[in-house]
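Peer 1: This note's numbering numbers the first residue of the sequence shown as 47 and each following residue consecutively.
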Amino acid sequence: MTEETLLTPADFIAPLFVVEGDGAPEPIGSMPGVSRLGLRDLVEECRELAALGVPAVALFPKLADGLKDDRGSRALDPDGLVLRAVRAIKDSVPQMVVMTDIALDPYTTHGHDGVLNAAQDDVANDETVEILAKMAVLHARAGVDFVAPSDMMDGRIGAIRKALDGHGCSATAIMAYSAKFASAYYGPFRDAVGSAKAAGTHSLDKRTYQLNPANRREALIEAALDEAEGADVLMVKPAGAYLDIIRDLRERTQRPLAAYQVSGEYAQLHAAAERGWLDLVKTRRESLLAIKRAGADMILTYFAKEMAAELAL
Ligand code: PBG
């Protein structure tokens, strides 16, 4: 009766990695229990998630290196992997809410979220935004419920909203990665989609467009801009190390608020548990409870399926 915060399977959005073909799932070394899935396994995974009461998935493609170029051209391929994945899920598990990442990093040889400027020392913001808007329309037409721009380019939410509305996709919603920090916790994800390997570096530096982890007020400015430009859901990412930002935003917006418990947050609990230093089942629940208590309405987490199964007991 007095418990203030309750987790339910409906709180979770499961991020899923998708690869070409119907080969065996490809385990991701730095994310124990997480694999890249071919389309058939992806659809089956969605069916199982739906049965457990998880309402939504967020898709991330892993492209073969040969398909990447410095402009991320494949992001605009009308028959691209992620679009086929969306259609396959919507055909078989129509009740599943499908979100797709709008950013160029799985498609670029340098692993950045946009195209680079002439000096190759920063992303070209406005040029990238034009590509992202086209990408969002392709995804909307394939049937996604939410496009999720994760790139942190300035002005992208407004541009995407305008493009969607202008192409008859006014019902497609935008989940904005509004307060996305330039975090070292994304390392395992970059193994999963191959963005770090493509770039030949383990530590991709995205500080010119992602937020400075030191800046709380700036995060609120970014979120307010996204809201004004038409974001339907705002997001804070990573989650665990940024609970203050989640709480700040919860108190300032009436929009639904998402938080992304990222790959490094997942990996660190697994690594400690493997050594017998932490109890995985208890720490994962506590970590998610803290994110919800801070004010998140929905949580992207690689623990979605296991946590939903645990809650069903
Ligand atoms: C990039 C993107 C990243 C994540 C989601 N979309 C990583 C990055 O910014 O390099 C990270 C998710 C995670 O670490 O789980 N568009």
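A virtual CB, placed ideally from N, CA and C, is assigned to each residue, including glycine.
Can you give me the C-alpha to C-alpha distance between L295 and L127, rounded to a whole angstrom?
Peer 2: Numbered from 1 along the sequence shown, position 249 holds the residue referred to as residue 295. Numbered from 1 along the sequence shown, position 81 holds the residue referred to as residue 127. C-alpha separation (whole angstroms): 34 Å.
Peer 1: Answer yes or no: do A217 and A179 have a C-beta to C-beta separation smaller than 7 Å?
Peer 2: One-based indexing of the sequence shown puts residue 217 at position 171. One-based indexing of the sequence shown puts residue 179 at position 133. No, the pair does not count as a contact, with Cβ atoms beyond the cut-off.
Peer 1: For E176, which residues in the same chain have their Cβ closer than 8 Å to its Cβ, ignoring the five residues on either side in sequence?
Peer 2: Residue mapping note: residue 176 aligns to position 130 of the sequence shown, counting from 1. Result list for E176: A205, in chain order.
Peer 1: What does DSSP give as the partner residue(s) for M145 in the beta ladder?
Peer 2: Working through the sequence shown from its first residue, we reach residue 145 at position 99. M145 is bridged to A104 and F192.
Peer 1: What residue from L52, A60 and M198 has the CA that sits closest to N258's CA?
Peer 2: Stepping through the sequence shown from its first residue, residue 258 is reached at position 212. For N258, the nearest C-alpha among the options comes from M198.
Peer 1: Using C-beta distances below 7 Å, list every residue in its chain close to L357, excluding the 5 sequence neighbours before and after it, in chain order.
Peer 2: As a position in the sequence shown, residue 357 is number 311, starting the count at 1. Correct list, in chain order: L53, T54 and P55.
Peer 1: Which residue from G214, A219 and D151 puts its Cα closest to that of V169?
Peer 2: Taking the first residue of the sequence shown as 1, we reach residue 169 at position 123. Ranking G214, A219 and D151 by Cα distance to V169 puts D151 first.
Peer 1: Could you check if R120 is buried or exposed, using at least 16 other CB atoms within 10 Å of its CB as the buried criterion?
Peer 2: Start at 1 with the first residue of the sequence shown, and residue 120 comes out as number 74. The residue is buried, with at least 16 neighbouring Cβ atoms inside 10 Å.
Peer 1: Would you check if there are 3 or more beta carbon pairs closer than 8 Å linking the segment 129-144 to the segment 77-95?
Peer 2: With the cut-off at 8 Å, the segment 129-144 and the segment 77-95 touch.
Peer 1: Buried or exposed for I267, going by 16 or more other Cβ atoms inside 10 Å?
Peer 2: Counting from 1 along the sequence shown, the entry for residue 267 is found at position 221. Exposed, by the Cβ-count rule.
Peer 1: Count the other CB atoms, across all protein chains shown, that sit within 10 Å of the CB of E311; report buried if there are 16 or more and exposed otherwise.
Peer 2: Indexing the sequence shown from 1 puts residue 311 at position 265. Classification for E311: buried.
Peer 1: One question on the structure: do R236 and A242 come within less than 7 Å of each other, judged by their Cβ atoms?
Peer 2: The residue you call residue 236 lines up with position 190 of the sequence shown. The residue you call residue 242 lines up with position 196 of the sequence shown. Against a cut-off of 7 Å, the Cβ pair of A242 and R236 comes out as a contact.
Peer 1: Could you check whether R82 and F63 sit closer than 7 Å to each other, using their CB atoms as the reference points?
Peer 2: Within the sequence shown, the letter at position 17 stands for residue 63. Within the sequence shown, the letter at position 36 stands for residue 82. Yes, the Cβ-Cβ distance between F63 and R82 is below 7 Å.
Peer 1: I'd like to know whether the C-beta atoms of L280 and R293 end up nearer to each other than 7 Å.
Peer 2: For this step, residue 280 is matched to residue 234 along the sequence shown. For this step, residue 293 is matched to residue 247 along the sequence shown. Contact flag unset, no.
Peer 1: Can you tell me whether A97 is buried or exposed? The criterion is at least 16 other CB atoms within 10 Å of its CB, across all chains shown.
Peer 2: Counting from one through the sequence shown, the residue named residue 97 turns up at place 51. Classification of A97: exposed, given that the 10 Å Cβ count is below 16.
Peer 1: For T218, which of helix, strand or coil comes out of DSSP?
Peer 2: Within the sequence shown, numbered from 1, the residue matching residue 218 stands at position 172. Three-state result, T218: coil.
Peer 1: Any heavy atom of the ligand PBG closer than 6 Å to the Cβ of Y288?
Peer 2: Translated into positions along the sequence shown, residue 288 becomes position 242. It does not: the Cβ of Y288 is nowhere closer than 6 Å to a heavy atom of the ligand PBG.
Peer 1: Excluding the 5 residues preceding and the 5 following K338 in the sequence, name in chain order all residues of the same chain whose CB lies nearer than 7 Å to its CB.
Peer 2: For the purposes of this step, residue 338 is taken as residue 292 along the sequence shown, with counting starting at 1. Here the set comprises T51, L53, D57 and I345.
Peer 1: Just curious, the alpha helix (DSSP H) that P234 is in, first and last residue?
Peer 2: Sequence index remark: in the sequence shown, residue 234 carries index 188 (1-based). G233 to V239 is the span of the alpha helix (DSSP H), which, as asked, contains P234.
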